[in-house]
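S.K.: Numbering (this note's numbering), first residue to last: 1477 to 1853.
Even glycine gets a Cβ: it sits at the ideal position worked out from N, Cα and C.
The structure displayed is predicted, hence computed values, not measured ones.
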Amino acid sequence: MGLYRINDNALKSIAPVSFEQEAVRERRELQQWLRHLIEIIAPGCMVLSEEFNDWEDSNRRIDLLCLDQDACLVVIELERTASGGHMDLQAIRYAAMVSNMTFDRAVRAHARYLSENNLDPTQAEQRILDFLNWPQPDEDEFANEVKIILGSADFSSEVTSSAIWLGKQGIDVRCVQLALHKYRDELIVNVSQIIPIPSAEEYQVKEREKISERKAARRNDRSETGFAFVNVGEHSGPDNHRSWGDCRKYGFISAGGKSIEQLDRLQIGKPVLAYLKGHGYVGVGTVITPPTAITDLIVESEGKSLDQLPIQHRDNPKTQAEMFIGIRWIRSLDRADAIKAAPYRSTACRVHDRDLVETVLSAMGTSIEDCSDQAQL
1477 MGLYRINDNA LKSIAPVSFE QEAVRERREL QQWLRHLIEI IAPGCMVLSE
1527 EFNDWEDSNR RIDLLCLDQD ACLVVIELER TASGGHMDLQ AIRYAAMVSN
1577 MTFDRAVRAH ARYLSENNLD PTQAEQRILD FLNWPQPDED EFANEVKIIL
1627 GSADFSSEVT SSAIWLGKQG IDVRCVQLAL HKYRDELIVN VSQIIPIPSA
1677 EEYQVKEREK ISERKAARRN DRSETGFAFV NVGEHSGPDN HRSWGDCRKY
1727 GFISAGGKSI EQLDRLQIGK PVLAYLKGHG YVGVGTVITP PTAITDLIVE
1777 SEGKSLDQLP IQHRDNPKTQ AEMFIGIRWI RSLDRADAIK AAPYRSTACR
1827 VHDRDLVETV LSAMGTSIED CSDQAQL
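1) Spell out the partners DSSP gives T1465 in its beta bridges.
2) So within the segment 1720-1758, which uninterrupted beta strand (DSSP E) runs reach at least 3 residues, ignoring any that extend past its ends?
3) Using C-beta distances below 8 Å, list every residue in its chain close to E1621, excluding the 5 sequence neighbours before and after it, in chain order.
4) Just how far apart, CA to CA, sit D1772 and A1587?
5) By the three-class DSSP mapping on this structure, what secondary structure does R1650 have?
6) Smallest Cα separation from W1805: which of S1848, I1787, L1510 and V1760?
7) Residues in the same chain with beta-carbon distance under 7 Å from F1703, minus the five sequence neighbours each way, listed in chain order, please.
8) Please report the straight-line C-alpha distance between Y1570 and I1538, rounded to a whole angstrom.
9) Whole angstroms are fine: how far does the CA of S1843 sit from the CA of S1575?
10) Could you give the distance in angstroms between the alpha-carbon of R1724 and the alpha-carbon of S1735?
11) Are the CB atoms of I1425 and A1518 nearer to each other than 8 Å?
12) Note down the Cα distance separating C1530 from G1841, rounded to an integer number of angstroms.
13) Span of the beta strand (DSSP E) holding K1488?
14) Is the segment 1654-1662 close to the segment 1580-1598, with three or more CB pairs under 8 Å?
15) Among the residues of its own chain, which have a CB less than 8 Å from the CB of V1818, if the five just before and after it don't count?
16) Alpha carbon to alpha carbon, how far is C1651 from A1582?
17) Give me, in chain order, the residues of the same chain whose beta-carbon lies closer than 6 Å to that of N1666; leave out the 5 immediate sequence neighbours on both sides.
18) In its own chain, which residues sit with a C-beta less than 7 Å from the C-beta of L1752, not counting the 5 before and 5 after it?
19) Can you give the Cα-Cα distance for D1493 and I1673, rounded to whole angstroms?
20) Are the CB atoms of Q1796 and I1774 within a distance shorter than 8 Å?
21) Put M1577 into one of helix, strand or coil per three-state DSSP.
22) DSSP state of H1657, grouped into three classes?
23) For D1564, is the classification buried or exposed, using 16 other Cβ atoms within 10 angstroms of its Cβ as the cut-off for buried?
24) Give the straight-line distance between the Cα atoms of Q1566 and N1609, rounded to the nearest whole angstrom.
25) Using only CA atoms, which one of E1737, E1776 and T1578 lies nearest to Y1726?
26) So is the beta-carbon of P1611 under 7 Å away from any non-hydrogen atom of the ligand ATP?
27) Quick one: which unbroken alpha helix (DSSP H) runs of 4-plus residues sit fully inside the segment 1506-1564? Chain order, please.
28) Under 8 Å by Cβ, that's how I've got S1668 and Q1653 pegged, so tell me the actual separation to the nearest angstrom.
29) Tell me whether the beta-carbon of S1730 lies closer than 8 Å to the beta-carbon of E1798.
30) In this structure, does DSSP put S1848 in helix, strand or coil?
31) Terminal residues of the continuous beta strand (DSSP E) containing V1493?
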């Protein structure tokens, strides 16, 4: 749509210009303008990161990565061209790449962003919590959805068709036109959301909710499986101080720092699936103790407390500061035999996906019923 000014009781057109004509580049000008006033293109959002590229084996960058007040990630992709190029495909790729982002990873990304903009990076977590109005981090509620906003001078029919189709599949995609005009020596940006049409947005939100409900209804009963998930926490980095071999041999799992409180989600007498990052599911067992210090966890088979046994990194200060939960393993595997299946993003949480539980247990040679029976022993 055109932009007009009123002069001498008449409408006078303000000439449209292209970003190329005015030498406006995505990162230097357009991106920075929007970063400082993000509500123009993404109302109700905060900027987590600019030029986000925190992943391995790829040098791709998200123009602006944001967070909305429902704790959903928002990928913003910008183009100066009159067609939008292939921005829809890029944004879908980026959305998939950040879909498994954890709260801690978001905090690290925001800390870098604050540091790059001469702000205090130590305030990253609190800024996110304040924005979400959360008293503390909640991994189960964080980044359960990734939304997409495409901003461009104009959009080709291919891009708009893709956005409309994705919306029908329950994915929140918005196309925002950034039309540049020039009046005398002043540049004016006319911002208008063209997909979804604002007047139809509430209807489309309800349609997405219906789609989600239908998808949920088609799944097997996932309301409650009785199982919990726990990430063993071992990794290959220089700061690693955990060993799956020790967990398997002596019957325990542990967590430190801010993840300690998540251990409270593991209930005594309930079955738990153990996941080893980079490998897969390595065990299923029964929780037999509440969270306790290393000096107070008695290993039944040894008749000693865990701190008296030759576990790796026993004297590491990080190990000493952790909390431990006793596990009676029903099945446990070597890392080389781990079951490949999708993990949860939390350190510990309840498992609602019955298909996942059945798949993992079947590969381990057991079943939900067998594990439930043994958990009662």
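M.R.: In short:
1) The structure shown does not extend to residue 1465, since the chain is modelled only from 1477 through 1853, so no value can be given for it.
2) If only complete runs of 3 or more residues are kept, the segment 1720-1758 shows the beta strand (DSSP E) at 1728-1731 and 1747-1752, in order along the chain.
3) Residues of the same chain with a CB within less than 8 Å of the CB of E1621, apart from the 5 flanking positions on each side, are D1546, C1548, L1549 and D1648 in chain order.
4) Roughly 37 Å between the two C-alpha positions.
5) In this structure, R1650 counts as strand in the three-state DSSP scheme.
6) Nearest option by C-alpha distance: V1760.
7) Excluding positions up to five away in sequence, the list reads P1747, V1748, L1749, V1827 and V1833.
8) Looking at the two C-alpha atoms, the distance is approximately 7 Å.
9) Going from the Cα of S1575 to the Cα of S1843 covers about 30 Å.
10) The alpha-carbon atoms of R1724 and S1735 are separated by roughly 20 Å.
11) Nothing can be reported for residue 1425: it is not among the residues displayed for the chain, which extend from 1477 to 1853.
12) Looking at the sequence itself, residue 1530 is Asp, so the reference to Cys does not match. Going by the C-alpha atoms only, they are around 38 Å apart.
13) Segment A1486 to S1489, the beta strand (DSSP E) holding K1488.
14) At 8 Å Cβ cutoff, the stretches do not touch.
15) The displayed chain sequence assigns Ala, not Val, to residue 1818. Excluding positions up to five away in sequence, the list reads L1832.
16) Cα-Cα distance, rounded: 25 Å.
17) Correct list, in chain order: L1479 and A1655.
18) These residues qualify, in order along the chain: V1708, E1710, W1720, V1758, R1811 and A1814.
19) It should be noted that the sequence gives Val, not Asp, for residue 1493. Taking the straight line joining both Cα atoms gives about 24 Å.
20) Not in contact: I1774 and Q1796 (Cβ atoms no closer than 8 Å).
21) Note: M1577 maps to coil in three-state DSSP.
22) It is a strand residue.
23) Here D1564 is buried. Its C-beta has 16 or more other C-beta atoms within 10 Å.
24) In a straight line, the C-alpha of Q1566 is about 31 Å away from that of N1609.
25) Among E1737, E1776 and T1578, the Cα nearest to that of Y1726 belongs to E1776.
26) As far as ligands go, the structure on display features none, and thus does not contain the ligand ATP.
27) Counting only runs of 4 or more, we get 1507-1512.
28) At roughly 5 Å, the Cβ-Cβ gap stays under 8 Å, so S1668 and Q1653 are in contact.
29) Yes.
30) Reduced to three states, the DSSP call for S1848 is helix.
31) The continuous stretches of beta strand (DSSP E) do not include V1493, and DSSP gives it neither H nor E.
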